[in-house]
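What follows is a single structure, written as structure tokens, with notes after it.
2 protein chains.
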Amino acid sequence: MIGQTDETAACCPGLVSAPLGEDQAMELAKLFKALGDPVRLRLMSMIASRAGGEVCVCDLTPAFDLSQPTISHHLKLLRQAGLIDCERRGTWVHYWALPATLDRLATFLKTPQTAETTA
Amino acid sequence: MIGQTDETAACCPGLVSAPLGEDQAMELAKLFKALGDPVRLRLMSMIASRAGGEVCVCDLTPAFDLSQPTISHHLKLLRQAGLIDCERRGTWVHYWALPATLDRLATFLKTPQTAETTA
Chain A
1 MIGQTDETAA
11 CCPGLVSAPL
21 GEDQAMELAK
31 LFKALGDPVR
41 LRLMSMIASR
51 AGGEVCVCDL
61 TPAFDLSQPT
71 ISHHLKLLRQ
81 AGLIDCERRG
91 TWVHYWALPA
101 TLDRLATFLK
111 TPQTAETTA
Chain B
1 MIGQTDETAA
11 CCPGLVSAPL
21 GEDQAMELAK
31 LFKALGDPVR
41 LRLMSMIASR
51 AGGEVCVCDL
61 TPAFDLSQPT
71 ISHHLKLLRQ
81 AGLIDCERRG
91 TWVHYWALPA
101 TLDRLATFLK
111 TPQTAETTA
């Protein structure tokens, strides 16, 4: 996934620099769609902002009024998009963010103003 | 829209800095969902990368194997998300990108690595 990200980042123009090709649009749209749900976006931020770098699924579910299978389904979609990865250890699955994918999206979206207007 | 973006950019943490609140997640997920479709993403890049800053809808539709009402529907979703705006002049509607919304998303997604790893 990380290798793929580096390769694609090198090949693809930013949103404001040139029109996207069909294949690139298909691939990037999947990533945005994965983030296009409030529950997945909250899960993603809970995982990506965790100081230790990893979160047990048992620490994620209590924040939501949803069943664990529903949470697991959302996590699976984030994982399929290459935004997070996970490992089972005993009873629980542990999740961590894949920053290369976030960087790729941030770079794709940025405009000439982004660097100037943000800290 | 631009005023709202500035205000919200000041209020909201980045994805990797702190867990998102429910209201913020709801609002940002709508933006990502708008970009989570290959046709909308191509339309967005065609509009945002246009040198003159504006594109006539008559220059957008020929790039797709879709009817004009379908294209117009996708453009409406991008407009409702605050990613583009438009004006009718005579027969044709002209579209332009709202970079503040793109900047907001780019800033929200960026990780400590983004600045270092990208040009």
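One line per chain: the protein sequences are A and B, in this order. Going left to right, the first sequence walks through residues 1 to 119 as UniProt numbering numbers them. Going left to right, the second sequence walks through residues 1 to 119 as UniProt numbering numbers them. For each residue, glycine too, the CB sits at the ideal point set by N, CA and C.
Item                                                                                                                                                         : Value
Within its chain, find whatever has a CB closer than 8 angstroms to the CB of V55/A; leave out the 5 residues flanking it on each side and keep chain order. : M46, I47, H94, Y95 and W96
With 9 angstroms set as the bound, which would you pick, yes or no: does the beta-carbon of G82/B sit closer than that to a beta-carbon of chain A?          : no
Cβ atoms of A18/B and L35/A: under 9 angstroms apart, would you say?                                                                                         : no
Going along chain A, which residues have a C-beta under 9 angstroms from residue 120/B?                                                                      : Any answer about residue 120/B is impossible in this case: the structure gives chain B only from 1 up to 119.
Let me check one thing: in DSSP terms, what residues is H94/B bridge-paired to?                                                                              : C56/B and E87/B
For L75/A, return the contacting residues in chain B, with the cut-off set at a CB-CB distance below 7 angstroms.                                            : Per Cβ cutoff of 7 angstroms: no residues; L75/A is ~15 angstroms from chain B at best.
Is the beta carbon of D103/A less than 9 angstroms from the beta carbon of T61/B?                                                                            : no
Using three-state DSSP, classify L43/B as helix, strand or coil.                                                                                             : helix
For R89/A, tell me which candidate among V57/A, A100/A and K33/A has the shortest Cα-Cα distance.                                                            : V57/A
Can you check which of these residues, L20/B, L43/B, L41/B and G82/B, is closest to P38/A by C-alpha distance?                                               : L20/B
So, helix, strand or coil for K30/A, using DSSP?                                                                                                             : helix
Express the C-alpha separation of G82/A and A106/A in angstroms, rounding to a whole number.                                                                 : 15 angstroms
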